[in-house]
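Residues -13 to 473 in the working numbering are what the sequence shown lists, from first letter to last.
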Amino acid sequence: GRRRVSKRLAFYDLREIADAEPADVLSRCRDAAAAGATATAARPHHRDARAELCCKAGAGPLFVDEASLAATQRDALKLGNVVRVRGRWLAGKRGEPCVEDVESIEIVRRWAEANPGKVFQRDDANRSRAEDHRDELAEGSAPSTSRGSAPSTSPASTDAGDWTTADGTMGTKRAPCKYWLNQGRCHKGDLCAYAHASRETQAAWISERKRRRRALATVDGDPHAEGGGAKTKAARARVFVDWLVETFGAEALSRGSGVLDVAGGRGDVSFELHTKRGVPCTLVEPRPRKLNRMQHKWLKARVRKEEAKNGRKEAKNGGEAGNGREEDGNGSDPATPPSRRTDAPIADDANVLCAQVREMFTPENWHKFEECSVVIGMHPDEATEAIVDFARARGKPFAVVPCCVFPAMFPDRRVRREDLSEGKDGGAAGGVGDDEPDSFEPNSFEPVTERRQLVRWLAGKTRGEVAYLAFEGANQVVYSKTPPPVD
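(1) Please identify the residue among A220, A372 and N296 whose C-alpha is closest to the C-alpha of P386.
(2) Quick one: grab the DSSP three-state call for S127.
(3) I need the DSSP call for G170, collapsed to helix, strand or coil.
(4) Using a Cβ-Cβ cutoff of less than 7 Å, which residues in the same chain neighbour V361 once the five nearest sequence positions on both sides are dropped?
(5) Pull the bridge partners of R95 from the DSSP assignment, please.
(6) For K354, which beta-bridge partners are listed by DSSP?
(7) Out of D228, I192 and S243, which one is the CA nearest neighbour of E356?
(8) Can you give me the start and stop residues for the alpha helix (DSSP H) that T187 sits inside?
(9) So S(-8) is in the beta strand (DSSP E); what residue range does that whole segment cover?
(10) Just checking, does the segment 89 to 108 make contact with the segment 53 to 67 on the three C-beta pairs under 8 Å criterion?
(11) Quick check: the Cα distance between S240 and A189, rounded to an integer number of angstroms?
(12) In chain order, what residues of the same chain lie with their CB nearer than 7 Å to the CB of F106, ignoring the 5 residues before and after it?
(13) For E52, I'd like the list of residues in its chain whose CB is within less than 8 Å of its CB, leaving aside the five on either flank, ordered along the chain.
(14) With H, G and I counted as helix, E and B as strand and the rest as coil, what does DSSP make of F426?
(15) Measuring only the C-alpha atoms, how far is P393 from V88?
(16) Looking only at its own chain, which residues have a Cβ that is under 8 Å from the Cβ of T58, when we skip the five neighbours before and after it?
(17) Which residues mark the beginning and the end of the beta strand (DSSP E) in which L246 is found?
(18) For my contact list, E432 and V401 are in at a C-beta cut-off of 8 Å; report their separation, rounded to the angstrom.
(19) With DSSP run on the structure shown, which of helix, strand or coil describes Y180?
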């Protein structure tokens, strides 16, 4: 089977392990998992002759970027092909062998050539996963998770009562399928081990999830959670930029080379800063920038506004607006200069969008950004710690909104247990992060595994402040208007 999570990540089922002994592969994977090297193996996988292939852009020598991943998917990774894969073995969360950090994929036999005119059927591959989940449920254990088919940790799944499935029948307290609830569809169809709820149940579950998340955020001190006017996630870039301008000031943000937006993804924050507000900005993101529909609409409206302004100037000077032509409302008349037409490739105009450095943000290239005014990150994932390290090393103010924690990637992060952190210097942000454990309190520190712990760790490491932004979700920003201390 094939499960595409995004353009940068996809999972494939390898039906047979031909060039290695399955038992030996599983043994090595489970040993690595038991040692905590890659994952936690919860139980042996039922079908030892199968494996999972993880294809992620930027991970491994073969998939250096999205283009190389897409090219391999179009050529070699066709369902039914027999391939020889070279990569790194590791154990999945259910103990099944997985292959990551792919070095090469060689096509041994193409399905289309060996079976002309016949379509490869992938029901068996999907059925094997569904049967594994159902077997676990029948044995009385909680359904285990695997990357690509992880169940939702839904609060509603523990409530009393049955689920109404999509065909009108009553379910039996199975956990709801997160794909069906969030997207209204599931790629596994009837083979899915989780409940496909009706539209009414789907809406009720989503509403309940939002209510509980807001309640938890209120307990954590978020003033925008309950009735505080929190915006949707779609508005988070604008809300973050509003807060940046209010907190740092447009003049301070514009000093030097301007704001450094690290791991900015599609470029939403830099678009709000540079294009809409005129604050100089540099986007550091290895992936290509991609404007959304509303951003294209805003740019076209600006072009039309500039055309109208220029037309009025020409008429005032005795010229004839539009050179005597009647232009339609979208400004796409062929006589219009390409730089002013709404159908021109304005995304490539350096005067419209900020500069982008398509590299990973590492200490090796920090010297390129020494003239920036402030370094920021909105949900920068793995680059979160690199942002604050850069701010400390180069003496820069910063603002970062953390999201994902990646505890396996950063196992050395420690925070003081919350029940012991009261009364420490610095309030909620003090006494955490870079403090060394007290010799008389060997169990006073715990690993960072949750976002709230990551916020405390970042604030403690930088002696920074913490504020809440007015949008839903991961909305805590750790910041400092002055360079954070190095020690």
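Every residue, glycine too, gets a C-beta built ideally from N, C-alpha and C.
In this text the structure is predicted, and so the values were computed from the model without any measurement.
On the basis of the coordinates in this document:
(1) Looking up residue 386 in the sequence shown gives position 400. Correcting the residue identity first, residue 386 is Val in this sequence and not Pro. Of the residues A220, A372 and N296, the one whose Cα lies closest to the Cα of V386 is A372.
(2) Walking along the sequence shown from the start, residue 127 turns up at place 141. Its pLDDT being 46, under 50, S127 is placed unreliably in this model, and the value from its coordinates should be taken loosely. In the displayed model, S127 falls within coil according to three-state DSSP, outside both helix and strand.
(3) Walking along the sequence shown from the start, residue 170 turns up at place 184. Here DSSP, grouped into helix, strand and coil, assigns G170 to coil.
(4) The residue you call residue 361 lines up with position 375 of the sequence shown. Cβ neighbours of V361 beyond the five flanking positions: L246, V248, I373, F376, A377, K382 and F384.
(5) For the purposes of this step, residue 95 is identified with residue 109 of the sequence shown, where counting begins at 1. Residue pairing from DSSP places R95 in a beta bridge opposite V68.
(6) Counting from 1 along the sequence shown, the entry for residue 354 is found at position 368. According to DSSP, which records beta bridges pairwise, K354 is partnered with nothing at all.
(7) The sequence position of residue 356 within the sequence shown is 370, counting from 1. That would be S243, whose Cα lies nearest to the Cα of E356.
(8) For the purposes of this step, residue 187 is identified with residue 201 of the sequence shown, where counting begins at 1. R185 to V205 is the span of the alpha helix (DSSP H), which, as asked, contains T187.
(9) Counting from one through the sequence shown, the residue named residue -8 turns up at place 6. Note, S(-8): beta strand (DSSP E), R(-12) to S(-8).
(10) Put simply, the segment 89 to 108 touches the segment 53 to 67. At least three CB pairs are less than 8 Å apart.
(11) Residue 240 sits at position 254 when you count from the first residue of the sequence shown. Residue 189 sits at position 203 when you count from the first residue of the sequence shown. Whole-angstrom Cα-Cα distance: 45 Å.
(12) Taking the sequence shown and counting its residues from 1, the one referred to as residue 106 is at position 120. Counting only Cβ-Cβ distances below 7 Å, and skipping sequence neighbours, we find L65, G66 and W97.
(13) The count along the sequence shown starts at 1 and reaches residue 52 at position 66. Cβ within range, chain order: K(-7), R(-6), A43, R273 and P274.
(14) To locate residue 426, count along the sequence shown from 1; it is residue 440. Any reading at F426 must be qualified, since the residue scores a pLDDT of 44, below 50, and its modelled position is unreliable; no value is offered.
(15) Translated into positions along the sequence shown, residue 393 becomes position 407. Translated into positions along the sequence shown, residue 88 becomes position 102. Straight-line Cα distance between these residues: approximately 23 Å.
(16) Taking the sequence shown and counting its residues from 1, the one referred to as residue 58 is at position 72. Close CB contacts of T58 within its chain, under the 8 Å cut and outside five residues either way in sequence, are with C41, L48, F49 and I91 (chain order).
(17) To locate residue 246, count along the sequence shown from 1; it is residue 260. Annotation: the continuous beta strand (DSSP E) that includes L246 extends over V245 to V248.
(18) For the purposes of this step, residue 432 is taken as the residue at position 446 of the sequence shown. For the purposes of this step, residue 401 is taken as the residue at position 415 of the sequence shown. Right, the Cβ-Cβ distance comes to about 6 Å (below 8 Å), so this counts as a contact.
(19) The residue given as residue 180 occupies position 194 in the sequence shown. Assigned with DSSP and collapsed to three states, Y180 falls in coil, not helix or strand.
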